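For the protein sequence lines, the chains are Y and U, in the order given. Reminder that position 212 of the first sequence reads as 215 in the working numbering, one-by-one numbering, no gaps. Reminder that position 21 of the second sequence reads as 551 in the working numbering, one-by-one numbering, no gaps. The beta carbon of each residue, even a glycine, is placed where N, CA and C say it ideally should be. Every value quoted in this text rests on a predicted model; they were computed, and no experiment measured them.
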Amino acid sequence: MKIEALFVDSESAAEPEVERISTALGLVPRPVGSAREVFAAVQAAPDPVGAGKRMLYLTANRGAFIRDCPGTAHYTCCGYRILHVAAYCSMDCAYCILQSYFHPPVLTYFLNRGDLAAELQVEFDKQATQRFGTGEFTDSLIWEGVSPRNAELIRLFAAQDRCVLELKTKTTAIERLLPLAHRRRTILAWSLNRAATASRYERGTAGIDARLAAAARAAARGYPLAFHFDPIVIEEGALAGYLETIETLFSRIDAQQIVWISLGALRFMPALKAVIERRFPGTPLACGEFITGLDGKLRYFKPLRIRAYRAMAQAIRRRAPGVCLYLCMEDDEVWQEALGFVPGRRGGLAAMLDEAAVRVCGLAR
Amino acid sequence: MGSEKARYSFRLVVAPLEAVEEDARFRISTWDNADGLASSVARIGLLVPPLAVAGGGRFRLISGFRRLAACRALGWPELPLRVPEGHPTPAECARLAIAENAWSRALNLIELSRAVNLLAQFSPAGRVDPEEAAAAGLPGGEAFLVRIAPLCRLPQAAQEAVLEEAVSLWTAAELARMPAEAAEALAGLFRRLKAGLNVQREVLTHTREIALREGVPVRELLAAPEFTALLDEAGGDPNETTRRVRRFLRRRRYPHLSAAEERFRTLLRELPLASGLRVQPPRDFEGTRFALQLEFETAEEARLLRGRLDRLLEHPAFGALLEGKRRGYETELQGRS
Chain Y
4 MKIEALFVDS ESAAEPEVER ISTALGLVPR PVGSAREVFA AVQAAPDPVG AGKRMLYLTA
64 NRGAFIRDCP GTAHYTCCGY RILHVAAYCS MDCAYCILQS YFHPPVLTYF LNRGDLAAEL
124 QVEFDKQATQ RFGTGEFTDS LIWEGVSPRN AELIRLFAAQ DRCVLELKTK TTAIERLLPL
184 AHRRRTILAW SLNRAATASR YERGTAGIDA RLAAAARAAA RGYPLAFHFD PIVIEEGALA
244 GYLETIETLF SRIDAQQIVW ISLGALRFMP ALKAVIERRF PGTPLACGEF ITGLDGKLRY
304 FKPLRIRAYR AMAQAIRRRA PGVCLYLCME DDEVWQEALG FVPGRRGGLA AMLDEAAVRV
364 CGLAR
Chain U
531 MGSEKARYSF RLVVAPLEAV EEDARFRIST WDNADGLASS VARIGLLVPP LAVAGGGRFR
591 LISGFRRLAA CRALGWPELP LRVPEGHPTP AECARLAIAE NAWSRALNLI ELSRAVNLLA
651 QFSPAGRVDP EEAAAAGLPG GEAFLVRIAP LCRLPQAAQE AVLEEAVSLW TAAELARMPA
711 EAAEALAGLF RRLKAGLNVQ REVLTHTREI ALREGVPVRE LLAAPEFTAL LDEAGGDPNE
771 TTRRVRRFLR RRRYPHLSAA EERFRTLLRE LPLASGLRVQ PPRDFEGTRF ALQLEFETAE
831 EARLLRGRLD RLLEHPAFGA LLEGKRRGYE TELQGRS
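The following block contains the structure:
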């Protein structure tokens, strides 16, 4: 989506990045005294969720840049650490939880890069294996055309040996990242889906073929890769499409370059259902066989999830037996049935992923 | 609609019936039948003359359509009318018509909807000011006005369901968001079920979601032989019809979950579960923990249950009950009699 309005927090207006971003977007930044003015502009629109994708707010992150993944007690979390560099997304996926996560949702980009670097340095100094990512509250690469943020992060991570950065995206905006000296400390990750699901529910994103082509280019430049089949949308006849995407993936990408692959079936807080129905009328996305999970989210009936995971896991293992394959937010019963083991038997999911990062990215132990 | 301009004085005129014409734009009442009123007017007289606007020797009726019909039915050559002084604009006529209706009786949902639409026609950008609506005697805030506005555009069968109170306001508003054919079919079903709001909500949501997922129009879904058969089988009993409809829709909306529940119940029946002993699966089979409930009053009953519990735990179907959950009990019943 095209950005139509640019707001800047008055206190951050002098940051050098403001001019660079406004020039790149061709917009004059409008200074605001507080976020409330931006929120008011978003909320005045007939579709605030959509309007928030066309307004960008430049400000400082006054909270922590580094946060723990908001996992829940009942399901196994990957223990990934979130780099909160920006919020919301300019693409428009029907299932996106960010539509109901922020109140109101508005594209936000944090300018205080010095604070981010300082927080990261504290983590690097711990000399422990850690996995960081910017793709939890936004798509990691949507600002590639207007900001050098990712290049800077890649340089920071390349200068240490214990941590990896995962940049997760549905775009193909990797051009400026390709020549960087990443030292395999940055994983470029793509969300994958079956092609029909992507074209139906992932408005404004790159097609699956294009994502895989970008991944192949990144691999050629030595970047470690990751892939996330998340959300898996369970619909009549969908499984064949997912298996097709898996085949395409391995026909283009060398499994040795892949750090991990995750599988996660569609799940969302009940409040999102009304948003989906309002913003995407006629979509059957929320008409799956959902039950209320132990975390209060709507999830597909468990045997359906198990069946989909099992079939996809078999297909992935056939092509890449050594790849680290994991489930996102599932319990031991699903792990056992779908993958044949529970993470606890292998030291826990976080340890499994750390180990994969050490092995594929060459981190120091 | 400024409040100062809208204060009127009225004069009473007696007008020949042929000089009175109805301005249907201002009709709010859903009652067409004026027989009862005609008989009252014949015995007691016309207590409140209808409201009309004068112009060119003729009168445009803006409120009192049933009263006019009653006078016509009685063959009166003329009738008294209240006529506002000056030349009220259509917007002012709308407010007069609504206020006359709303302050004299409780309007039903369709009448409220007509009134809101009438106000909207003459409001900037079609947006009704809640204060303006309240001054005209309409209840509710802005959200209510927005919700109720489309009701008078529902297909006739759906409007009738609203008037019969066979559908609630929530349901009516949802029907108004659906294609006319779907609204009509669902309204017909609700008139048959005579169910409360919660059941209406469940039936409507399930129907709409099944239709969306399967790519079948709602009307087609509700006209399918398997659906109409279950209505026929219920024999006209609304409770039985509702029970069957709910079961049918739930099975279709949640086919795997419903099948698992049925298989679970079948397995449960194989177990030696006497009274006082109950096995409860995790909700929707999502969690991993089953619950076992023992109910007793005396120590003797508790001892009896202990024995039954031992037999239960050793029964082969008990293991199948625990193990089969993750597969939705798809294989547990195979090969059993």
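Neighbour flag for leucine 307 (chain Y) against chain A, beta carbons, 8 Å: Judged by its chain identifiers, the structure shown contains no chain A, and its protein chains are Y and U.
Per-residue contacts from histidine 786 (chain U) into chain Y (C-beta, under 8 Å): Correct list: Glu292, Phe304, Pro306 and Leu307.
Contact set between aspartate 562 (chain U) and chain Y, taken where Cβ atoms lie within less than 9 Å: Residues of chain Y passing the Cβ test: none, with the nearest at roughly 35 Å.
Glutamate 247 (chain Y) - DSSP class collapsed to helix/strand/coil: Glutamate 247 (chain Y): helix per DSSP, three-state reduction.
Helix, strand or coil at glycine 267 (chain Y) according to DSSP, with G and I counted as helix: Of the three classes helix, strand and coil, the one that applies to glycine 267 (chain Y) here is strand, per DSSP.
Contact under 8 Å by Cβ, proline 141 (chain Y) with tyrosine 91 (chain Y): Checking the sequence, you will find threonine at residue 141 (chain Y) rather than proline. Against a cut-off of 8 Å, the Cβ pair of tyrosine 91 (chain Y) and threonine 141 (chain Y) comes out as a contact.
Coarse secondary structure for histidine 87 (chain Y), derived from DSSP in three states: Looking at histidine 87 (chain Y) - three-state DSSP - the assignment turns out to be coil, as it is neither helix nor strand.
Below-8 Å beta-carbon distance, glutamate 704 (chain U) vs any chain Y residue: For glutamate 704 (chain U), not one C-beta of chain Y is nearer than 8 Å to its own C-beta.
Isoleucine 235 (chain Y) and leucine 215 (chain Y) closer than 8 Å at C-beta: At least 8 Å separates the beta-carbon of isoleucine 235 (chain Y) from that of leucine 215 (chain Y).
Unbroken stretches of the beta strand (DSSP E), 3 residues or longer, contained in the region 51-77 of chain Y: Within the region 51-77 of chain Y, the complete beta strand (DSSP E) runs of at least 3 residues are 58-62 and 69-71.
Buried or exposed (CB count within 10 angstroms, at least 16 for buried), glutamate 548 (chain U): Its Cβ having fewer than 16 others within 10 Å, glutamate 548 (chain U) is exposed.
Partners in chain Y for aspartate 659 (chain U), counting only beta-carbon separations shorter than 7 Å: Result: empty, since nearest Cβ-Cβ is about 18 Å, beyond 7 Å.
Span of the alpha helix (DSSP H) around tyrosine 226 (chain Y): No alpha helix (DSSP H) contains tyrosine 226 (chain Y), which DSSP labels as neither H nor E.
CB contact below 8 Å: threonine 701 (chain U) versus chain Y: So, not an interface residue.
Valine 733 (chain U) beta carbon near the ligand GTP (any heavy atom closer than 7 Å): Ligands displayed in this structure: none; no statement on the ligand GTP is therefore possible.
Proximal residues to arginine 302 (chain Y) (C-beta, below 6 Å), its chain only, five neighbours per side dropped: Excluding positions up to five away in sequence, the list reads Arg270 and Gly296.
Backbone CA spacing between asparagine 728 (chain U) and phenylalanine 304 (chain Y) [nearest angstrom]: Cα to Cα, asparagine 728 (chain U) sits roughly 23 Å from phenylalanine 304 (chain Y).
C-beta atoms of cysteine 364 (chain Y) and isoleucine 249 (chain Y) nearer than 8 Å: No.
Buried or exposed (CB count within 10 angstroms, at least 16 for buried), asparagine 563 (chain U): Exposed is the call here.
Cβ neighbours of alanine 832 (chain U) in the same chain (closer than 6 Å, five flanking residues each side left out): Taking C-beta separations shorter than 6 Å and ignoring five residues to either side along the sequence, the partners of alanine 832 (chain U) in its chain run Phe826, following chain order.
is_contact[glycine 244 (chain Y), chain U] using C-beta, thresh 8 Å: It does not: the Cβ of glycine 244 (chain Y) has no partner Cβ on chain U nearer than 8 Å.
Where the region 845-859 of chain U meets chain Y: residues whose CB sits under 7 Å from a CB there: Residues of the region 845-859 of chain U whose Cβ lies closer than 7 Å to any Cβ of chain Y, in chain order: Arg856, Arg857 and Gly858.
Distance, arginine 808 (chain U) Cα to leucine 842 (chain U) Cα: Answer to the nearest angstrom: the Cα atoms are 10 Å apart.
For alanine 258 (chain Y) and arginine 322 (chain Y), believed in contact at Cβ under 8 Å, the rounded distance: 6 Å between Cβ atoms; contact.
CB contact below 8 Å: threonine 295 (chain Y) versus chain U: Chain U contact via Cβ: present.
Positions along the region 740-754 of chain U whose CB lies within less than 7 Å of some CB in chain Y: When C-beta distances to chain Y are compared with 7 Å, the residues of the region 740-754 of chain U below that value are Leu742 and Arg743, in chain order.
Alpha-carbon spacing of serine 570 (chain U) relative to cysteine 601 (chain U), whole angstroms: If I take the Cα positions, the gap works out to 11 Å.
Three-state secondary structure (DSSP) of methionine 531 (chain U): Only weak support exists for where methionine 531 (chain U) lies, its pLDDT of 44 falling under 50; the value from the coordinates is given anyway. In the structure shown, methionine 531 (chain U) sits in coil (DSSP, three-state: anything other than H, G, I, E or B).
CA nearest to the CA of alanine 584 (chain U), picked from U:Arg596, U:Trp606, U:Gly575 and U:Asp553: The shortest Cα separation from alanine 584 (chain U) among U:Arg596, U:Trp606, U:Gly575 and U:Asp553 belongs to U:Asp553.
Within chain Y, the residues that glycine 817 (chain U) reaches when beta carbons sit closer than 7 Å: Going along chain Y in sequence order, the residues near glycine 817 (chain U) (Cβ under 7 Å) are Leu297.
Touch test, the region 155-171 of chain Y against the region 44-63 of chain Y, Cβ-Cβ under 8 Å, three pairs minimum: Output reads no: the region 44-63 of chain Y does not touch the region 155-171 of chain Y.
Pairwise C-alpha distance: arginine 780 (chain U) and glutamate 791 (chain U): Distance between the alpha carbons of glutamate 791 (chain U) and arginine 780 (chain U) is about 12 Å.
Alpha helix (DSSP H) runs contained entirely in the region 185-244 of chain Y, provided each spans 4 or more residues: For the region 185-244 of chain Y, whole alpha helix (DSSP H) runs of length 4 or above, ordered along the chain, are 198-204 and 211-223.
Which listed residue (Y:Gln260, Y:Ala243 and Y:Asp212) has its alpha carbon closest to that of alanine 223 (chain Y): Cα-wise, what sits closest to alanine 223 (chain Y) is Y:Gln260.
Terminal residues of the alpha helix (DSSP H) in which aspartate 335 (chain Y) lies: Where aspartate 335 (chain Y) is concerned, the enclosing alpha helix (DSSP H) stretches over 335-342.
Residues of the region 770-801 of chain U with Cβ closer than 9 Å to any Cβ of chain Y, in chain order: Those would be Arg783, Tyr784, Pro785, His786, Leu787 and Ala790, in chain order.
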